[in-house]
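Enquirer:
In the working numbering, the protein residues as written are 1397 to 1685.
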């Protein structure tokens, strides 16, 4: 393993403490990794957790890794945070936004585009040929037919219908508490949550050690562990390395799957009309007939 120094040698980072120096060092490492990806020196990116407060600067004014990488690597396209494990894959429509802003951010087209991206990532990045996606409702009990809010009836249901018209196998809106409480989440390949805590609380309860934060929609593969900085455990040999290990393995697996998908789809068979026996003339050209 090669170790690349991204900061000055005299930079001092104190274990378990959030400092401006540590935040600056975090950004310098991330900036260098992104540059190396663009230069073709790296195949995948696995990021360690960052402190979203101390990393803020003139160069980094984003709520998290995902948004920064979308701006730096997305080439104008949207990225999508997927919390992934062998048990569960959860994507979030609104990402890192304040809860008060979530209802206004739920729009039919935004939901449709998110479903398209989630569906493609499940196929290409995770190797699921025809994924089944559960779409959670925004309101308690998915609105109860409009009794508890109109968003699920007027927005979420319409987006699901449009996605189905695009041949995406999705269902909803579904009440989040019922889906997870009953264990019905096991029937689906992916769960689309409307907001951060709706999807990440059950995911982390079920999959914390084996969970990975995956960024879909980028030309490059990026993963990170499913946990934060855990300053309270730093330097004590108490933190679990399981999620970071899974992030490394998943990055390698997704990279390989993308390569295989590109190889398999690069030269598809030409579509041909299927004819009934005895209809040989339908297969012949005018000269052959």
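Ideal Cβ positions, reconstructed from N, Cα and C, are used throughout, including at glycine.
Of all the alpha helix (DSSP H) runs that stay within the bounds of the segment 1633-1669, which reach a length of 4 or more residues?
Expert: 1638-1661
Enquirer: Just the C-alpha distance for residue 1500 and residue 1475, rounded to the nearest angstrom, thanks.
Expert: 20 angstroms
Enquirer: Runs of 3 residues minimum, wholly inside the segment 1473-1518: which ones carry the beta strand (DSSP E) assignment?
Expert: 1476-1480 and 1485-1488
Enquirer: May I ask you to report which of helix, strand or coil DSSP gives residue 1536?
Expert: helix
Enquirer: If contacts are defined as beta-carbon pairs under 8 angstroms, then residue 1587 and residue 1486 qualify, I think. What distance do you get, rounded to the angstrom?
Expert: 5 angstroms
Enquirer: Which residue from 1592, 1624, 1640 and 1652 puts its Cα closest to that of residue 1495?
Expert: 1592
Enquirer: Which of the three DSSP states is assigned to residue 1440 in this structure?
Expert: DSSP places residue 1440 in strand when its eight states are reduced to three.
Enquirer: Return the chain-ordered ranges of every alpha helix (DSSP H) run that is complete within the segment 1567-1610 and spans a minimum of 4 residues.
Expert: 1572-1578 and 1592-1603
Enquirer: Please name the residue or residues paired with residue 1468 in a DSSP beta bridge.
Expert: BP columns for residue 1468 are empty, so no partner.
Enquirer: Would you kindly report the start and end of the unbroken beta strand (DSSP E) that includes residue 1445?
Expert: Neither: residue 1445 is in no beta strand (DSSP E) and is coded neither H nor E.
Enquirer: In its own chain, which residues sit with a C-beta less than 6 angstroms from the C-beta of residue 1458, not counting the 5 before and 5 after it?
Expert: 1464
Enquirer: Bridge partners of residue 1620, per DSSP?
Expert: 1609
Enquirer: Inspect the CB distances between the segment 1408-1421 and the segment 1614-1624 and report whether three or more fall short of 8 angstroms.
Expert: no
Enquirer: Going by DSSP in three states, residue 1531 sits in which element: helix, strand or coil?
Expert: In the structure shown, the three-state DSSP call for residue 1531 is strand.
Enquirer: Kindly confirm or deny that the segment 1517-1533 and the segment 1574-1589 touch, where touching means at least three C-beta pairs closer than 8 angstroms.
Expert: yes
Enquirer: So, with DSSP's three-state summary, where would you put residue 1459?
Expert: Residue state for residue 1459 is assigned as coil, using DSSP reduced to three classes.
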